[in-house]
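Q:
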Amino acid sequence: MALIRMEDVRVAYTTGSRTRTVLAGLSLAIEAGEFVCLLGETGCGKSTMLRLILGAEQPVSGTVEVAGERVRGLCPKRGYVPQRYGLFPDRTALANVAFGPEMYELSVAERLLPKFRGRRREIRRQALELLAELGLDSHDANKYPHQLSGGMQQRVAIAQALIMNPAVLLMDEAFSALDPSTRASMQALIRRVWRERGATILFITHNTQEAVMMGTRAIVLAREGDESGSKIALDMELPGATDPEWHARDARETREMAEHIAGFYGGAKASSFTLRPALAAS
Amino acid sequence: MATGFLNVTARPARLPIWGLSWTIFAIGIAIYLYSSEKRHRENPDDKVMPSLTQLAKGAADAALKPAEEDDDVAYANAGWLTRLHTSMLWKDTAASTRRFLISIALMFPAVLLGLHMGLFPYIGALFLRFVLFFDKIIALSLLPILFIAFGIDELSKIMLMVIGVAPTIILDTVNLSRSVPREQLVKALTLGAGAFDVAYLVVLKQILPRVINSIRLNLKPLMLFLFAGEMIASTDGLAYRIALARRHLAMDVIVPYVLWVALLLFLADWFLRVLNRKLHPWFEEA
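As they're listed, the protein sequences go chains F and L.
Mapping of the first sequence onto our numbering: position 204 corresponds to residue 204, and the numbering continues sequentially without gaps.
So our numbering is basically just the index in the second sequence, starting at one, shifted up by 1000.
Here it is as structure tokens:
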């Protein structure tokens, strides 16, 4: 059974007398363990789709399910890493990562009373271990977000989501504000997290090359107009699904595949690659 | 290209900055002393611009002697500390400070209301229009109503201060609450936080340094309303004494009192600034 299932989903926004359909009749299924890269032009509904899965938004019609349960609101089963503003500026990196377990696992009394200090210390220890796993030492862990570089901040944001052991990690242009070298190291990091933890990741990006290199599947949304909304123009399995390091060996094919994906930004075209069915069937 | 004073890219050294920052003070004091000396040459009994000696005597009397209305108390053999503690200045400062601190404390519910209005749309819808309306009412025009409703005791003066400043603080807190990026609220909720966790542990903690800065900016309006209340209906307080001294044309009391009030306000602002820095080391703007 698919981990994420969207069935005939429609999302529309009304401003005054004008209704703008963002998604119309969108159906999609994502299996557990997939690394799905979601691409498309600005305003095509990528972030809307992510918010639907996250539970931050509800569709006008259709259903969104995660792990067999209908999504009705936000919950810790779905981790979220936004492009920026994801960290709480008044907390250190360590406190940011520990925030989730402290909120989810501890009662108000356990958060405040000295006799539960041991439990809180245990959560902080887990947070510190996770930060170390993602490349931040204890010195960095005690810094505030504004004292960390952009890459370090995103590592903390990823740790903040991962510590909750989410069923799916939703990343909304999480690396787009980073410089190229930091971006490359973050790509490697998230690939490692995906491989080692067997995570399911939905990753929104504008960078087709990044999608080709990181994902196991690429989905391109293309806008067809204010009334018909966006549709899936391309749903394609990437070589990374069977051979994680393929792009390191074959730079030419990586580039060509990225160009091929970019060709779908304006709308549906025929594809020379192996396309997955648009998942009405799944 | 402009140079010197009109050079927008100038980077003056520490000493010129220090010197320039005191220049206006020095000029002001010099003009006062010259004018005072000139007036005293023409009229040795001039009370409008007291000399430095008269000002010093007025300040010493205010700080070490009891108020006129307390003359019957025996102070003659008391030590200077006792005299300071029972002096006119101390009595007035204590009365005004008490009212001022109560008003500051009453800003806390105003901040909480603003937080909830900014964060919870239904609470915002319930209160926002009313607060916006109330914000436009000139607080001083409510003074007669306050005196009729609450009498001329402490409550009316404190209510005047609260009514005068609370709407601004509420609206400022609403805007600050709404300025917290939505991503953070969503993130907190995906991490298991409840609505009140988000309100108090995410939003309030983040906006608190800016709220304190907002209160700092409102210290002067707060003092203004305190003075209005005290000047009209009070039997003690700094503004009461200034109003009383005005009747006697006692500038040797008024000027030290005005400077004392400015110093108190400066200290209150400095205290809040230091407190902000200590409580919120992460806040760069503090």
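Heads up, the beta-carbon is just placed ideally off N, CA and C, and yes, glycines get one too.
1. Going by Cα to Cα distance, which pick from L:S1214, L:D1153, L:A1010 is closest to L:V1174?
2. Based on the DSSP secondary-structure assignment, which residues constitute the bridge partners of F:G141?
3. Could you tell me the alpha carbon to alpha carbon distance between F:E69 and F:L134, rounded to whole angstroms?
4. For a contact meaning CB atoms closer than 7 angstroms, what does F:A56 contact in chain L?
5. Pull up the distance between the alpha-carbon of F:L87 and that of L:L1264, whole angstroms please.
6. Quick one, which residues of the region 133 to 149 of chain F are near chain L if we go by CB-CB under 9 angstroms, in chain order?
7. Which residues, taken in chain order from the region 3 to 25 of chain F, show a beta carbon closer than 8 angstroms to some beta carbon of chain L?
8. Pick out whichever of L:D1045, L:A1094, L:K1205, L:G1164 has its Cα sitting closest to the Cα of L:L1112.
9. Less than 7 angstroms separating the beta-carbons of F:A251 and F:T208?
10. Going along the chain, which residues of its own chain have a beta-carbon closer than 6 angstroms to the beta-carbon of F:V9, five neighbours each way excluded?
11. Classify L:L1020 as buried or exposed, calling it buried when 16 or more other Cβ atoms lie within 10 Å of its own Cβ.
12. Could you pull the start and end residues of the alpha helix (DSSP H) that L:L1126 belongs to?
13. Along the beta strand (DSSP E) that carries F:M49, what are the first and last residues, could you check?
14. What would DSSP say about F:V71, mapped onto helix, strand or coil?
15. Any heavy atom of the ligand NAD closer than 6 angstroms to the Cβ of F:E110?
16. Residues of the region 99 to 110 of chain F in Cβ contact with chain L at a cutoff of 7 angstroms, in chain order, please.
17. Could you tell me whether any Cβ in chain L is nearer than 7 angstroms to the Cβ of F:G118?
18. Does DSSP put F:A161 in a helix, a strand or coil?
19. Give me the Cα-Cα distance between F:S185 and L:K1136, rounded to the nearest whole angstrom.
20. From F:L148 to L:M1231, what does the alpha carbon distance come to, in whole angstroms?
21. Is F:N96 buried or exposed, if buried means 16 or more other CB atoms sit within 10 Å of its CB?
22. Could you tell me the alpha carbon to alpha carbon distance between L:A1056 and L:I1254, rounded to whole angstroms?
23. Nearest-angstrom Cα distance between F:R51 and F:G16?
24. So, F:A218 versus F:L238, is the Cβ gap smaller than 7 angstroms?
25. Give me the chain L residues within the contact set of F:Q160, using Cβ-Cβ distance strictly less than 8 angstroms, ordered along the chain.
26. Within the same chain, show all residues whose beta-carbon is closer than 7 angstroms to that of L:A1067, passing over the 5 residues directly before and after it, in chain order.
27. For the region 1102 to 1120 of chain L against the region 1188 to 1206 of chain L, do three or more pairs of beta-carbon atoms, one drawn from each stretch, fall closer than 8 angstroms, so that the two count as touching?
28. With 16 other CB atoms within 10 Å as the buried threshold, where does L:N1218 fall?
29. Alpha helix (DSSP H) containing F:F35: first to last residue?
30. Could you check if L:Y1257 is buried or exposed, using at least 16 other CB atoms within 10 Å of its CB as the buried criterion?
31. Sort out for me which residues DSSP pairs L:A1060 with in a bridge.
32. Could you tell me which chain L residues have their CB closer than 9 angstroms to the CB of F:F88, listed as they occur along the chain?
33. Could you name the residues that DSSP lists as bridge partners for L:E1042?
34. Taking 7 angstroms as the threshold (C-beta atoms), are F:T216 and F:V168 in contact?
35. Could you tell me how far apart the beta carbons of F:R155 and F:L189 are, in whole angstroms, since I believe they sit closer than 8 angstroms?
A: According to the structure data:
1. Its Cα nearest to that of L:V1174, the residue L:S1214 stands out among L:S1214, L:D1153, L:A1010.
2. Just to set this straight, residue 141 of chain F is Ala in the shown sequence, not Gly. Beta-bridge pairing links F:A141 to no other residue.
3. Distance between the alpha carbons of F:E69 and F:L134: 31 angstroms.
4. Neighbours of F:A56 on chain L, chain order: V1186.
5. The alpha-carbon atoms of F:L87 and L:L1264 are separated by roughly 39 angstroms.
6. From the region 133 to 149 of chain F, only Y144, P145, H146, Q147 have a Cβ closer than 9 angstroms to chain L.
7. Listed in sequence order: no entries.
8. When only C-alpha atoms are compared, the closest one is L:K1205.
9. Result no, Cβ atoms of F:A251 and F:T208 do not sit closer than 7 angstroms.
10. Once the five neighbours on either side are set aside, the close Cβ partners of F:V9 are L23, L26, P59, G62.
11. Under this definition L:L1020 is an exposed residue.
12. Its alpha helix (DSSP H) spans residues 1121 to 1136.
13. F:M49: not part of any beta strand (DSSP E); member of the alpha helix (DSSP H) spanning 46 to 54, first to last residue.
14. DSSP places F:V71 in coil when its eight states are reduced to three.
15. The ligand NAD is not part of this structure, which contains no ligands at all.
16. Residues of the region 99 to 110 of chain F that bring their beta carbon within less than 7 angstroms of a beta carbon in chain L comprise F99, G100, M103, Y104, in sequence order.
17. Interface annotation, F:G118: not in contact with chain L, CB-CB separation never under 7 angstroms.
18. Look at F:A161 here: in three-state DSSP terms it is helix.
19. Roughly 55 angstroms between the two C-alpha positions.
20. Straight through space, the alpha carbons of L:M1231 and F:L148 are spaced by roughly 53 angstroms.
21. Residue environment: F:N96 is assigned as buried (16 or more neighbouring CB atoms within 10 Å of its CB, all protein chains considered).
22. In this structure, the alpha-carbon of L:A1056 lies about 12 angstroms from that of L:I1254.
23. Linking F:R51 to F:G16 through their CA atoms gives a straight-line distance of about 23 angstroms.
24. Result yes, Cβ atoms of F:A218 and F:L238 sit closer than 7 angstroms.
25. By Cβ distance, chain L contributes K1187, L1191.
26. M1088, K1091, listed in sequence order.
27. The region 1102 to 1120 of chain L vs the region 1188 to 1206 of chain L: in contact.
28. When all chains shown are included, L:N1218 counts as buried.
29. Premise fails: F:F35 lies in the beta strand (DSSP E), 35 to 40, not in any alpha helix (DSSP H).
30. Result: buried.
31. Answer is none; L:A1060 lacks a bridge partner.
32. Within chain L, the residues near F:F88 are Q1184, K1187, A1188, L1201, V1202, K1205, Q1206.
33. BP columns for L:E1042 are empty, so no partner.
34. Cβ atoms of F:V168 and F:T216: not closer than 7 angstroms.
35. With 8 angstroms as the limit, F:R155 and F:L189 qualify as a contact, their Cβ atoms being about 7 angstroms apart.
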